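See structure below.
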Amino acid sequence: MTTPDPVTVFVASIFINNILLSNFLGMCSFIGVSREIRASAGLGMAVTFVLTLTTGINYLIFSFVLEPLGLEYIRYIVFIVVIAATVQLVEMIIEKVSPTLYYVLGIFLPLITVNCAIFGVSLFMVIRQYSFLQAVAYGAGSGLGWTLAIVALAGLRHKMARARVHPALEGAGITLIVTGIMALAFIGFSGMVAM
Amino acid sequence: MKAITFLRRSYTVSTLRRGVWDENPVFRQVLGICSALAVTNLLFNTLIMGAGLIFTTAMASLTVSLLRARTPQRVRMMAQVLIIASYVVCVDLTIKAYLPETSEALGPYVGLIITNCIIMGRCEAFASKNPPWVAFLDGLASGFGYLAVLMFIAFWRELLGFGTLFGARIMPEGFTLWTLMSMPPGAFFMLGLTVWLCRALMPERRET
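Protein sequence lines correspond, in order, to chains P and X.
For the first sequence, the residue numbers in the numbering used here are 1 to 195.
For the second sequence, the residue numbers in the numbering used here are 196 to 403.
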């Protein structure tokens with residue numbers, strides 16, 4: 001297996017293996033929050049921040065604690081606890097250090113614990129056997145990719161508000177189809193970076 | 196006595212019906228669609244995934260309900276996540292042991308059952324307030340509703356994307372495969388259309 005350098009992993013996870021558009025992770029909050037550009041951007045920032053942090057922490061715990069002890073199979077439980085704890089910690093630290101940032105990210109942080117993207121990235125990192133730098137690059141890239149997708153969709157939905165949509169297709173239905181078209185466009189990026 | 200049995204049975208039936216159709220987690224509440232999209236390119240994988248989810252939802256609901264009086268309110272969410280995670284570990288190990296190839300194909304999505312909002316939603320909204328038996332049924336019903344929608348999507352995606360059903364060739368030789376259907380955008384389109392179809396068949400009761 002060839003190991004791509006961290007920069008490649010970073011770029012690829014934004015455009016080619018976009019966590020949302022090609023791995024379908026983080027859909028729940030995606031549909032719910034993507035009504036407003038400002039809120040989407042805020043949530044995207046929070047996700048990117050937490051994602052970068054938890055991927056690194058989970059990597060260290062997995063390769064220095066779980067693997068030597070042969071406890072790989074309880075990684076699900078460990079990862080989910082790490083994510084929940086990190087989110088809580090980050091919330092407290094931000095509140096103390098930077099009230100402005102807390103004001104921007106605050107309401108989104110509790111939502112993140114149950115965001116499948118965070119958990120999914122940690123699992124992918126284990127399956128793809130990344131090194132520490134690759135894992136962190138992958139986490140950060142996935143976060144940015146997710147932000148890109150959700151902000152773009154929020155913009156589209158803003159425009160769509162005035163379009164006439166069949167009543168049964170309104171809301172979730174049309175959002176999914178628009179996301180499909182966006183995923184189609186992102187396929188055009190494949191081949192940009194040799195994997 | 197008879198009347199009570201009848202009532203109980205009809206309550207059972209209505210709980211099942213509600214989970215499968217009236218409050219179907221996928222097209223009614225738009226929950227848990229991460230895995231709905233990711234695993235539906237082949238019917239067999241979908242079936243395994245759905246079975247795992249039904250087991251997890253039902254058992255987690257049962258356990259949460261049994262422990263509902265003993266769980267402190269403040270750590271409720273964390274306790275529920277840990278219960279769900281333990282069952283998912285069971286499912287994961289079982290699939291790995293008996294169906295190693297499927298386990299490889301499903302990749303991280305078995306683990307992602309943990310963050311599937313359906314289970315959390317059922318545990319939080321229903322199982323933490325109801326007796327074990329009803330909670331178990333409710334979990335079962337939500338799981339089946341989820342599986343039904345997934346199978347519907349997977350049916351079309353496998354038929355059009357690969358020309359097969361459960362790996363058996365259905366379409367004639369000359370059939371042009373809709374490669375798009377086996378790729379991510381196909382999943383989004385198919386789910387969007389399914390939501391449309393189901394909502395058109397039974398219009399939502401508007402609640403204010």
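Ideal placement from N, C-alpha and C gives every residue a C-beta, glycine not left out.
Model, not experiment: these values are computed from the prediction.
Member of P:23, P:11 and P:41 whose CA lies at the smallest distance from the CA of residue 153 of chain P: Of P:23, P:11 and P:41, the smallest CA-CA separation from residue 153 of chain P is found for P:41.
Minimum length 4: unbroken alpha helix (DSSP H) runs contained in the segment 70-149 of chain P: If you keep only unbroken alpha helix (DSSP H) runs of at least 4 residues inside the segment 70-149 of chain P, you get 75-97, 99-105, 109-112 and 116-127.
Any chain X beta carbon closer than 8 Å to residue 179 of chain P: Yes, residue 179 of chain P lies at the interface with chain X (some Cβ there is under 8 Å from its Cβ).
First through last residue of the alpha helix (DSSP H) which encompasses residue 275 of chain X: Residue 275 of chain X -> alpha helix (DSSP H) spans 271-293.
Residue of P:5, P:36, P:172 and P:46 minimising C-alpha distance to residue 145 of chain P: Here the closest residue by C-alpha is P:46.
Alpha helix (DSSP H) segment containing residue 38 of chain P, residue limits: Element bounds for residue 38 of chain P: 37-61.
Boundaries (first-last residue) of the alpha helix (DSSP H) holding residue 256 of chain X: Taken as a continuous stretch (DSSP letters only), the alpha helix (DSSP H) holding residue 256 of chain X covers 238-261.
Beta carbon proximity, residue 173 of chain P to chain X, threshold 8 Å: Taking Cβ atoms only, chain X reaches closer than 8 Å to residue 173 of chain P, which makes this a yes.
Inter-residue Cα distance where the pair is residue 178 of chain P and residue 291 of chain X: C-alpha separation (whole angstroms): 36 Å.
Sufficient close CB pairs (3 or more, under 8 Å) joining the segment 358-377 of chain X to the segment 264-278 of chain X: Contact between the segment 358-377 of chain X and the segment 264-278 of chain X is absent, because fewer than three Cβ pairs lie under 8 Å.
Sequence-distant residues of the same chain with beta carbon closer than 7 Å to residue 365 of chain X, five excluded per side: So the list reads 354, 358 and 359, once near-sequence residues are dropped.
Where the alpha helix (DSSP H) containing residue 326 of chain X begins and where it ends: Taken as a continuous stretch (DSSP letters only), residue 326 of chain X belongs to no alpha helix (DSSP H), as it is neither H nor E.
Option nearest residue 310 of chain X by Cα separation, candidates P:6, P:138, P:91 and P:84: Just measuring C-alpha positions, the residue of P:6, P:138, P:91 and P:84 sitting nearest residue 310 of chain X is P:84.
N-terminal and C-terminal residue of the alpha helix (DSSP H) that residue 196 of chain P is part of: What the structure shows of chain P is the stretch from 1 to 195, and residue 196 of chain P is not part of that stretch, so it cannot be assessed.
Which residues DSSP lists as bridging residue 363 of chain X, in chain order: Answer is X:360.
Straight-line gap, residue 396 of chain X to residue 387 of chain X (C-alpha atoms, nearest Å): Roughly 14 Å between the two C-alpha positions.
Selected residue, minimal CA-CA separation from residue 285 of chain X, among X:313, X:248 and X:325: Distances from the alpha-carbon of residue 285 of chain X to those of X:313, X:248 and X:325 put X:248 closest.
Residue 134 of chain P burial status per 10 Å Cβ neighbour count (16 or more: buried): Residue 134 of chain P should be labelled buried.
Selection from X:304, X:351, X:391 and X:342 that minimises the alpha carbon distance to residue 171 of chain P: Ranking the options by Cα distance to residue 171 of chain P, first place goes to X:391.
Proximity test, Cβ basis, 8 Å: residue 73 of chain P and chain X: Interface residue, yes.
Minimum Cβ-Cβ distance from residue 142 of chain P to chain X less than 8 Å: Taking CB atoms only, residue 142 of chain P has no neighbour in chain X less than 8 Å away.
Pairwise C-alpha distance: residue 96 of chain P and residue 246 of chain X: Roughly 46 Å between the two C-alpha positions.
The segment 2-27 of chain P: positions lying closer than 8 Å to chain X by Cβ: Within the segment 2-27 of chain P, the qualifying residues are 21, 22, 23, 24, 25, 26 and 27.
Three-state secondary structure assigned by DSSP to residue 351 of chain X: Of the three classes helix, strand and coil, the one that applies to residue 351 of chain X here is helix, per DSSP.
Chain-ordered neighbours of residue 309 of chain X on chain P, where CB pairs are closer than 8 Å: Neighbours of residue 309 of chain X on chain P, chain order: 76, 80 and 119.
Residue interval of the alpha helix (DSSP H) (run including residue 267 of chain X): For residue 267 of chain X, no alpha helix (DSSP H) encloses it, and the DSSP letter there is neither H nor E.
Residue 68 of chain P classed as buried or exposed, judged by whether at least 16 other C-beta atoms fall within 10 angstroms: When all chains shown are included, residue 68 of chain P counts as exposed.
Contact between the segment 252-263 of chain X and the segment 329-344 of chain X (3+ Cβ pairs under 8 Å): The segment 252-263 of chain X vs the segment 329-344 of chain X: in contact.
Beta-carbon spacing of residue 121 of chain P, residue 19 of chain P below 8 Å: Cβ atoms of residue 121 of chain P and residue 19 of chain P: closer than 8 Å.
For residue 350 of chain X, the nearest candidate out of X:325, X:377 and X:293 (CA to CA): Nearest neighbour of residue 350 of chain X by Cα position, chosen from X:325, X:377 and X:293, turns out to be X:377.
Nearest to residue 244 of chain X (by Cα), restricted to the options X:352, X:319, X:297 and X:336: Taking only the C-alpha atoms, the option nearest residue 244 of chain X is X:297.
Neighbour flag for residue 401 of chain X against chain P, beta carbons, 8 Å: Here the model assigns residue 401 of chain X a pLDDT of 46, short of 50, so the residue's position is not dependable, and the following value carries that caveat. No, no contact with chain P.
Own chain partners of residue 98 of chain P with C-beta closer than 6 Å, once the 5 adjacent residues on each side are dropped: Once the five neighbours on either side are set aside, residue 98 of chain P has no close Cβ partner at all.
Pairwise C-alpha distance: residue 325 of chain X and residue 14 of chain P: Near 44 Å, if we compare the C-alpha coordinates of residue 325 of chain X and residue 14 of chain P.
Distance CB(residue 50 of chain P)-CB(residue 94 of chain P) smaller than 8 Å: Between residue 50 of chain P and residue 94 of chain P, the C-beta spacing is not below 8 Å.
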